[in-house]
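Chains as they are written, first to last, in our numbering: chain X, 1 to 327; chain L, 1001 to 1327. Ideal Cβ placement from N, Cα and C applies to all residues, glycine included.
Set out below in structure tokens:
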């Protein structure tokens, strides 16, 4: 099997190296030949020969349209692939996989951090520190608090697990209402409105699709209790940022911790930078410099092994829905 | 048994009420008669009749010297009682208990929050947000990271447990080197210097005693690796604040999350307020408005039951060491 690993040529992310590959190679049940590249020319030099391509969504977008007659599989290292939509560029017969699972541990720990920050009133205490005010705002433990997680993919599911282990009562929302081991209940989108008024913390771990765009809009945000907090690690445009800022300004929501935004980088002088009780991080919640490359290759190998065994590939991406194929 | 519960007359803390007492009363194995008060006059009206007093350290200090001929037990709701030292005011034959255990769940969750904030570079990202800089600083998971916890009392022990459950490698330091279920190793103070250079995160959960005052001084802070982070939830004067700020300013330490300080409130214009990569909270890490009063009464009852059964009271305080009696 002829594999090409195309690293990003820009950015500060460390490349996947032959040393990474040597670690994962024993896991792979099929013969393979691997090349590595980072510049567009590196890709073009091998494009007509390769059967499998591992690449980020941004690097792939820059290489379209593809001239890859033998290509069977594209493994995209990102979980959310909406930047590649519409998917008409995908050659017929080529299967697209996403990087779901790579980010679960890191991103769920970020979600746990955000929940603990909300429970400890950190967003308000950070404002108090900036203003040199000693204001004793008391927090609480997570036990018994009601968490609603929108999206129970790898990240949402791992977040539910961590939250449950600290005694939270977790409601999950996903496309189907089938149960989840770490959720007290699972609801579908049509029940969301009834869940919001009973939510202490709302965590968004959704991909951007036609169904999720602006899902958490002004009307729905206003249904949360005044003491509620919001976390978003999925995609920015699932949430109405302006409405969130309005509600925080009006003291109609307690706080928020956001890692994703409508525009990234967030423009200078945007109100998000200075809205009170709002902590922003620059779309880094899912990325772990120390483990992401190794995890990516492990999941990549598991998918190739599944295919070799005649099984469905767990990371197959459903371009019509814009998420991983439902398993 | 004649019990008096004296609430603080000042401050924003909700009082312990008869309703709280009704919940814990079935747990108590001894007959009891209880009064409640908050003003000094409430205490004086019953002082000569009571056998057991439940009170905060600050309220107790304001009532000294005691004129309580029948008093056998003082249960102090705080864990650290250094404000009551020297203990010459303690009537002979009266046993002092502290509130150890009340704060374990809440404070260990704060420590976990702080560790996750350090691992996710939140202190630096908060500074970036203040300066409206989109700077993608990447974090990492806690798995495999080396945490050193100074103090393995109720708070330090519970923190070790949470950290271990997320895969951290925990070293604990306490008075004796006996093992702890959540620590890979336990060291004593004479081994501290050898542990510091191998520490990614240093968490302080120590009472203030002669042995701990300025324990983490400039020399020891400088032994930590440059990438290390510091958390303090014990007492401020265990740590050299000025040295910490110097090391943060010089980029010789990565970040810190502090809840306790040399002077509280921290004075206006103190460098702590503005030191970069430093998050401050106003001595609130251990306090949970929703559960502290109920937990306090449960631990209080357990101690009275132990005494009635002829067993050592678990919260007996050793005034010579300034910590709970070693069990």
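message = Output needed for residue 1023/L: all residues of its chain with C-beta closer than 7 Å, excluding positions within five of it in sequence on either side, in chain order.
response = 1294
message = For a contact defined as C-beta to C-beta under 8 Å, what are the partners of residue 288/X on chain L?
response = 1138, 1139, 1140, 1141
ask   = residue 115/X and residue 303/X look like a contact to me (Cβ under 8 Å); what is the Cβ gap, rounded to whole Å?
value = With 8 Å as the limit, residue 115/X and residue 303/X do not qualify as a contact, their Cβ atoms being about 31 Å apart.
task = Please report how far the alpha carbon of residue 1008/L lies from the alpha carbon of residue 186/X, in whole angstroms.
result = 44 Å
request  = Taking only beta-carbon positions, decide if residue 1227/L is within less than 9 Å of chain X.
outcome  = no
request  = Count the CB pairs spanning the stretch 1075–1092 of chain L and the stretch 1023–1037 of chain L that are closer than 8 Å, and state whether there are at least three.
outcome  = no
task = Please name the residue, chosen from 119/X, 3/X, 109/X, that lies closest to residue 18/X on a Cα-to-Cα basis.
result = 3/X
task = With 9 Å as the threshold, decide whether the Cβ of residue 1008/L is near any Cβ in chain X.
result = no
request  = Whole angstroms is fine: what's the gap from residue 259/X's alpha carbon to residue 282/X's?
outcome  = 6 Å
key: Nearest to residue 245/X (by Cα), restricted to the options 101/X, 257/X, 272/X, 229/X   = 272/X
inquiry  = Let me make sure I understand the geometry here. Which of 256/X, 261/X, 322/X has the alpha-carbon closest to that of residue 121/X?
reply    = 256/X
ask   = Considering only C-alpha positions, which residue in the set 174/X, 108/X, 223/X is nearest to residue 209/X?
value = 174/X
key: Alpha-carbon spacing of residue 86/X relative to residue 66/X, whole angstroms   = 15 Å
message = Taking beta-carbon pairs under 7 Å, can you tell me which members of the stretch 1252–1266 of chain L lie near chain X?
response = 1265, 1266
task = Could you list which residues in chain L have their beta carbon closer than 7 Å to that of residue 186/X, in chain order?
result = Within chain L, no residue comes near residue 186/X; the closest Cβ sits about 25 Å away, beyond 7 Å.
inquiry  = Any beta carbon of chain L sitting closer than 9 Å to that of residue 330/X?
reply    = Because chain X here runs from 1 to 327, residue 330/X falls outside it and cannot be looked at.
request  = List the residues of chain X whose Cβ lies closer than 8 Å to the Cβ of residue 1110/L, in chain order.
outcome  = 116, 120, 139
message = Which same chain residues end up closer than 7 Å to residue 292/X when comparing Cβ atoms and leaving out the 5 residues on each side of it in sequence?
response = 102
request  = Return the CA-CA distance between residue 1296/L and residue 123/X, expressed in angstroms with no decimal places.
outcome  = 28 Å
request  = Can you give me the Cβ contacts of residue 232/X inside the same chain, cut-off strictly under 6 Å, excluding the 5 residues immediately before and after it?
outcome  = 204, 239, 258, 260
ask   = Is there at least one Cβ from chain L nearer than 9 Å to residue 299/X's Cβ?
value = no
message = Taking contact to mean 3 or more Cβ pairs, one atom from each stretch, closer than 8 Å, check whether the stretch 1189–1208 of chain L and the stretch 1144–1155 of chain L are in contact.
response = yes
query = Using a beta-carbon distance cut-off of less than 7 Å, what residues from the stretch 191–206 of chain X approach chain L?
reply = none
query = residue 228/X and residue 254/X look like a contact to me (Cβ under 8 Å); what is the Cβ gap, rounded to whole Å?
reply = 6 Å
ask   = Mind checking if residue 291/X is an interface residue toward chain L, Cβ cutoff 9 Å exclusive?
value = yes
task = Using only alpha-carbon positions, find the residue among 326/X, 312/X, 14/X that is nearest to residue 1138/L.
result = 14/X
task = Mind checking which residues open and close the beta strand (DSSP E) that includes residue 1006/L?
result = 1002–1006
message = Is residue 20/X close to chain L? Criterion is C-beta to C-beta, closer than 9 Å.
response = no
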